[in-house]
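A short write-up of the structure that comes next.
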Amino acid sequence: RLPKGTNGYFLKQGANDPIWAEAPSGKVHQSVRSVNPSVVSSSNNLGGKDFANNKAVSNGAQVCTINVTPVSTTSHLYAWYSEAAGCGSNAVSVSAIFFGSERRNLGSANSYANDVGGINVHAIFNVPGSGQVTVQARNLGSHNGGTHYTNSDQSGNTNGGQATLTVIEIED
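When you line the sequence shown up against the numbering used here, it's residues 42 to 213, in that order.
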């Protein structure tokens with residue numbers, strides 16, 4: 042007969058019989074956010090709809106940055122970024138999340154006939170060890186060099202948006 046469990050433990054299969062084991066924590070260590078209400082623009086040309094060029098941390102324009110010092114080397118960082126994007130030509134506007142100099146994910150919005158669209162980007166990054174990690178959201182421009190505006194309409198006029206980058210450290 043299996044004894045009563047303990048808070049924070051779960052039932053798992055042992056070598057021959059079920060056993061109580063400590064549950065993974067899934068604990069949130071910290072949550073940090075950066076908000077930018079300013080218009081940020083980039084005319085960086087990504088070289089076509091496959092975004093073949095100019096996707097490095099040095100390209101485009103920085104929108105939001107967070108410096109986070111993880112509290113655990115066995116956790117991971119989950120980041121998400123959101124912006125309202127306008128583009129003054131029929132173009133695909135692109136933004137990205139970077140952990141240090143490593144691009145983790147891209148998001149895009151199609152700006153047909155000067156539409157304004159939303160870009161949302163999500164990324165997960167394993168903590169590389171001790172020390173501070175810089176997380177950036179960057180406006181990378183567009184597929185054809187048309188100016189991509191963050192928090193703006195297709196002409197660079199503010200639309201009242203606020204680009205937001207949030208980073209959460211979660212224990213595995």
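Every residue, glycine too, gets a C-beta built ideally from N, C-alpha and C.
**Message:** I'd like to confirm the pairing. Which residues does DSSP put opposite P59 in its beta bridges?
**Reply:** Beta-bridge pairing links P59 to Q54.
**Request:** Would you kindly work out how many angstroms separate the C-alpha atoms of T114 and G67, rounded to a whole number?
**Result:** Going by the C-alpha atoms only, they are around 14 Å apart.
**Asked** When you compare only the Cα positions, how much space is there between T110 and N57?
**Response** Cα to Cα, T110 sits roughly 42 Å from N57.
**Message:** Between the alpha carbons of V112 and T175, how many angstroms are there, rounded?
**Reply:** The C-alpha of T175 is placed about 15 Å away from the C-alpha of V112.
**Prompt:** If we ignore side chains and look at the alpha-carbon of each, how far apart do N131 and Y153 end up?
**Reply:** Going from the Cα of N131 to the Cα of Y153 covers about 5 Å.
**Asked** Starting from Y4 and walking both ways along the beta strand (DSSP E), at which residues does that stretch end?
**Response** The question about residue 4 has no answer, for the chain in this structure spans 42 to 213.
**Request:** Quick one: give me the first and last residue of the beta strand (DSSP E) that N151 is part of.
**Result:** Where N151 is concerned, the enclosing beta strand (DSSP E) stretches over E143 to S152.
**Asked** So does the region 118-126 actually touch the region 86-97, counting three or more Cβ pairs closer than 8 Å?
**Response** Flag = no, the region 118-126 and the region 86-97 do not touch.
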